[in-house]
Amino acid sequence: MELIQTIETTTINNKNYGIFIFVYIFGGIALFMLVGLSLHSVIIGVGGYITVMISPLFFEKQFRKRFIKKATVVFASDCLQIKQYRFSDNEPDDVAELPFNDIKSYKAWASSKNDFSSIKFILADGTKTKYTFVEQYGGKDDIVDILHKSIGIFNKSRAEGQKIRLIPNLFATKAGKYFIAVLTLLLITTIIVQIIYKPKTIPFSLLAGAMLYLQILAQRRKDLDAIKEQ
Numbered sequence: 000m001e002l003i004q005t006i007e008t009t010t011i012n013n014k015n016y017g018i019f020i021f022v023y024i025f026g027g028i029a030l031f032m033l034v035g036l037s038l039h040s041v042i043i044g045v046g047g048y049i050t051v052m053i054s055p056l057f058f059e060k061q062f063r064k065r066f067i068k069k070a071t072v073v074f075a076s077d078c079l080q081i082k083q084y085r086f087s088d089n090e091p092d093d094v095a096e097l098p099f100n101d102i103k104s105y106k107a108w109a110s111s112k113n114d115f116s117s118i119k120f121i122l123a124d125g126t127k128t129k130y131t132f133v134e135q136y137g138g139k140d141d142i143v144d145i146l147h148k149s150i151g152i153f154n155k156s157r158a159e160g161q162k163i164r165l166i167p168n169l170f171a172t173k174a175g176k177y178f179i180a181v182l183t184l185l186l187i188t189t190i191i192v193q194i195i196y197k198p199k200t201i202p203f204s205l206l207a208g209a210m211l212y213l214q215i216l217a218q219r220r221k222d223l224d225a226i227k228e229q
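If you read the sequence shown in numbering that gives the first Met the number 0, its first letter stands for residue 0, the second for the next number, and so on.
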């Protein structure tokens with residue numbers, strides 16, 4: 000086993016965290032709406048709604064604190080090891096070792112704008128294992144990039160039928176290509192209409208749409224590069 004790289008990171012129980020955020024948002028909105036109606040105050044209702052919606056953005060670390068664990072990801076030439084630790088005493092809480100020989104396919108996604116990464120493995124026996132990473136603070140590359148390189152090296156020594164298959168993300172598929180084409184057409188049309196009717200103003204929605212479009216293109220390029228490495 001040849002060691003490739005070790006990354007210090009943090010895992011998050013994305014399912015439980017998602018349920019928590021869902022309950023918090025809808026419960027909080029319902030509470031403020033009821034208080035606003037009972038006191039006949041629009042300010043309380045609207046102000047509470049805004050507070051509930053923006054709080055997870057400004058206090059993200061505090062919100063997900065109970066759902067994260069410190070982790071060490073060890074990349075080797077023939078396997079991947081993920082160690083998760085308890086925050087209370089820094090003792091190992093879970094250790095998983097995934098030999099590449101046991102992996103049939105995998106899907107990986109890394110955000111182009113923050114430290115969020117997600118990896119899903121489908122093993123030869125049909126078992127599915129998923130990890131979500133946040134707050135990466137070690138290593139030159141992110142976890143997904145290193146995983147692509149590690150599996151790419153492994154696949155080079157294997158016959159075609161024995162290689163680990165990368166399941167492409169949405170934007171790297173044919174459907175994703177059509178989606179981006181339609182999005183491009185809509186963005187161009189919106190810009191033309193804006194120039195014709197209101198050439199002196201640029202609405203915030205247009206800027207936000209353009210930024211989202213560029214992020215999608217960056218994500219597609221990243222996903223396509225990962226496919227080429229396999």
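From the three backbone atoms N, C-alpha and C, an ideal C-beta is built for every residue, glycine too.
Boundaries of the alpha helix (DSSP H) in which residue i is found, first to last residue
i, result
"K14", "13 to 37"
"K93", "In the sequence as displayed, the identity of residue 93 is Asp instead of Lys. From DSSP, D93 is part of no alpha helix (DSSP H) but of the beta strand (DSSP E) over 91 to 98."
"I190", "173 to 196"
Extent of the continuous beta strand (DSSP E) run through residue i
i, result
"Q61", "Per DSSP, Q61 belongs to no beta strand (DSSP E); it is in the alpha helix (DSSP H), 59 to 62."
"K129", "127 to 133"
"I142", "Note, I142: premise wrong, no beta strand (DSSP E); alpha helix (DSSP H) at 142 to 155."
"A70", "67 to 75"
"I118", "116 to 122"
"L79", "78 to 84"
Neighbourhood of residue i by C-beta distance below 6 Å, restricted to the same chain and skipping five residues each side
i, result
"I118", "A107, Y130"
"N168", "W108, D222"
"I150", "I163"
"I145", "Q4, F74"
"N12", "F66"
"I166", "S104, K106"
Given residue i as reference, the closest of the options once Cα atoms are compared
i, options, result
"I6", "S116, S87, L36, I187", "S116"
"A171", "D88, Y105, G26, L216", "L216"
"F178", "R219, I102, I53", "R219"
"K60", "S76, I20, G26, K82", "I20"
"I190", "K176, G208, S76", "G208"
"P55", "S87, D93, I24", "I24"
Residues bridged to residue i [DSSP beta-bridge criterion]
i, result
"Y48", "For Y48, which the question treats as bridged, DSSP gives no partner whatsoever."
"Y212", "Answer by DSSP bridge pairing: none, since Y212 is not bridged."
"E7", "T71"
"L165", "Y105"
Span separating the alpha-carbon of residue i from that of residue j
i, j, result
"H39", "L184", "46 Å"
"T126", "N15", "21 Å"
"I121", "F31", "44 Å"
"A174", "A158", "29 Å"
"V192", "L186", "10 Å"
"V41", "Y48", "11 Å"
"K197", "T188", "14 Å"
"D224", "I28", "42 Å"
"F153", "T128", "20 Å"
"G17", "I195", "43 Å"
"M52", "M210", "21 Å"
"S110", "H147", "15 Å"
"F58", "S156", "46 Å"
Other residues of its chain near residue i: CB distance less than 8 Å, five sequence neighbours each side excluded
i, result
"G137", "With a pLDDT of 47 at G137, under the threshold of 50, the modelled position of this residue cannot be trusted, and the question is left open."
"I43", "F31, V34, G35"
"Y212", "L182, T183, L186"
"V45", "G35"
Proximal residues to residue i (C-beta, below 7 Å), its chain only, five neighbours per side dropped
i, result
"E90", "Y84"
"C78", "M0, E96, L97, P98, F99"
"A123", "D101, K103"
"K82", "A70, T71, P91, V94"
"F86", "K68, K69"
beta-carbon residue i near the ligand SAM non-hydrogen atom, thresh 7 Å
i, result
"I142", "This structure does not include the ligand SAM; it has no bound ligands of any sort."
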